[in-house]
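First comes the structure, then the notes that go with it.
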Amino acid sequence: MKTKFINAPENVTRELLEGYVLCYPDKVKLAGENIVVRAHAKDESKVAIVTLGGSGHEPALSGFVGEGMLDCSVVGDIFAAPGAQRLFQALQLMKREAGILLVVLNHSGDVMSANMACELAGRAGIKVKQLMTHDDISAGIGAAKEDRRGLAGCVPLYKILGAASEAGKSLDELIEIGTRFNENIATLAVATGKCTHPQNNAVISELPLGIMEIGMGQHGEGGGGQSPLVSADDTAIQMVDMLCQQLKPEPGSQLLLIINGTGATTQMEHNIVFRKAYKELVSRGMDIAFSRIQEILTVQEQAGFQMIMAILDGDHVEYLTRKKADAPYWTTIEQ
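Numbering-wise, this note's numbering comes out as the position in the sequence shown, counting from 1, plus 1094.
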């Protein structure tokens, strides 16, 4: 039984990307099969920012290709990493003396493709370095980085790196800027409903009515255990507590706070959750220096949201708030 407005299932990724670039021709274009690039490339004296990941999480990741953010997004099939050869093709397209920074979310398929493509790039004389994201804290407070998945925290990182690149920072400087951000960001997801695979309707994750799970991953991976659904305020406080346990922000810290909707939970609910999270952090003496309520990485019709928190250094605040970005799903007007 059909449940989504699609055509032939095997054409979903190609058709969604075609529709996307047709809608925003002044910002993005296709430069090969499933390779999205800026419509107007930046000067090759500046480092290119590239990422990769499966489709099905729109607007992530290609929605953040544009001036001041990503230069290229390499897209895999639904919930699947693109192959190493396709990524290598993108690295060839982005080749420049300034180098390429490849941002990789910590998921096994993405990591494997990135490592293989970078090995091929090295043989071809392409200057590329990797930066891995691992912001999901559902593996436990203080868990090793390699055990933490990459979630929607990659998106503000794209903004920081894109702005720093536009400002002329070198590849090594970008690694340092991004690493500092990575070390002080944490994301936690909560789910309240099912997610299905759009090509075959297979249920990836399902929760009983009235039950929530804090820590569920963006492909329906298990989290910290199921519990009865509680109020927005109680949920926000619980998640803020866990994020603060991980990050240990001091009073006066400048924080990033983002509520990312995962597909089926309403904007109304996001606003209510953000309200309590914001007030809770302010009551603890924190300064919310950057905030958003937005669907930046979805999981089809997954009900729930991700709460993203980061302790920001001064340059991070600058790049997030006062440097222009003109990607279709993330625009910041330079002040």
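Where a beta carbon is used, it is the ideal one built from N, C-alpha and C, also for glycine.
Given the structure is predicted, the values throughout are model-derived calculations rather than measurements.
Around T1107, the same chain offers S1149 and D1171 as residues with beta carbons nearer than 6 Å, after the five sequence neighbours per side are excluded. Annotation for E1161: D1420 place their beta carbon closer than 6 Å to its own, counting only its chain and skipping 5 residues before and after.
For V1169 against S1156, the beta-carbon gap comes to about 6 Å, under 8 Å, which counts as contact. In the pairwise beta carbon analysis, the stretch 1324-1339 is classified as touching the stretch 1364-1375: at least three pairs are separated by under 8 Å. If you look at K1221, you'll find it isn't in any beta strand (DSSP E); DSSP assigns it neither H nor E. If you draw a 10 Å sphere on the C-beta of C1338, you find 16 or more other C-beta atoms in it, and that means buried. As for any alpha helix (DSSP H) of minimum length 4 sitting wholly inside the stretch 1149-1174, there is none. In chain order, A1178 place their CB closer than 7 Å to the CB of M1210, counting only its own chain and leaving out the 5 sequence neighbours on each side.
Counting along the chain, G1355 sits inside the beta strand (DSSP E) bounded by residues Q1348 to G1355.
If you draw a straight line from the Cα of M1403 to the Cα of T1227, it is about 14 Å long.
Judged by DSSP secondary structure, V1393 falls outside any beta strand (DSSP E); it is assigned neither H nor E.
G1203 carries a helical assignment under DSSP once its states are collapsed to helix, strand and coil.
The stretch 1284-1294 makes no contact with the stretch 1197-1214; the number of CB pairs closer than 8 Å stays below 3. In the DSSP assignment, the residues bridged to R1386 are I1352. The C-alpha of L1225 lies about 22 Å from the C-alpha of G1234.
For a cut-off of 8 Å, the C-beta gap from S1385 to L1341 is around 16 Å, too long to register as a contact.
For a cut-off of 8 Å, the C-beta gap from G1247 to I1279 is around 5 Å, short enough to register as a contact.
The Cβ atoms of C1212 and L1187 do not sit closer than 8 Å to each other. Within a 10 Å sphere around the beta-carbon of L1116 sit fewer than 16 other beta-carbons, which makes this residue exposed.
Selection K1418, G1355 and I1405 evaluated against P1153 yields G1355 as nearest (Cα-Cα). Taking all protein chains in view, the Cβ of K1263 is crowded by 16 or more other Cβ atoms within 10 Å, so the residue is classified as buried.
A residue is called buried once 16 or more other Cβ atoms fall within 10 Å of its Cβ, and R1217, having fewer, is exposed.
Contact annotation: I1100 and V1141 have beta-carbon atoms that are not nearer than 8 Å. The beta carbon of A1257 is closer than 6 Å to those of G1162, Y1413 and K1417 in its chain, skipping five residues each way along the sequence. The Cβ atoms of G1272 and L1245 do not sit closer than 8 Å to each other. Minimum Cα-Cα distance from T1415 among the listed residues K1253, A1397, R1180 and R1274 corresponds to K1253. In the structure shown, the three-state DSSP call for P1322 is strand. Per DSSP, G1193 has no beta-bridge partner at all. Annotation: the continuous beta strand (DSSP E) that includes S1299 extends over V1297 to S1299. Cβ contact annotation for G1126 (same chain, cutoff 8 Å, sequence separation greater than five): R1180, Q1183, A1184 and L1187, in chain order. A Cβ-Cβ distance of about 10 Å is found for the pair K1121 and V1131, leaving them out of contact under the 8 Å criterion. The stretch 1263-1301 is shown to contain whole beta strand (DSSP E) runs of 3 or more residues at 1279-1285 and 1297-1299, in chain order. Taking a C-beta distance under 8 Å as the contact criterion, E1260 and K1136 qualify as a contact pair.
Pairing E1374 with V1324 gives a Cβ-Cβ distance that is not under 8 Å.
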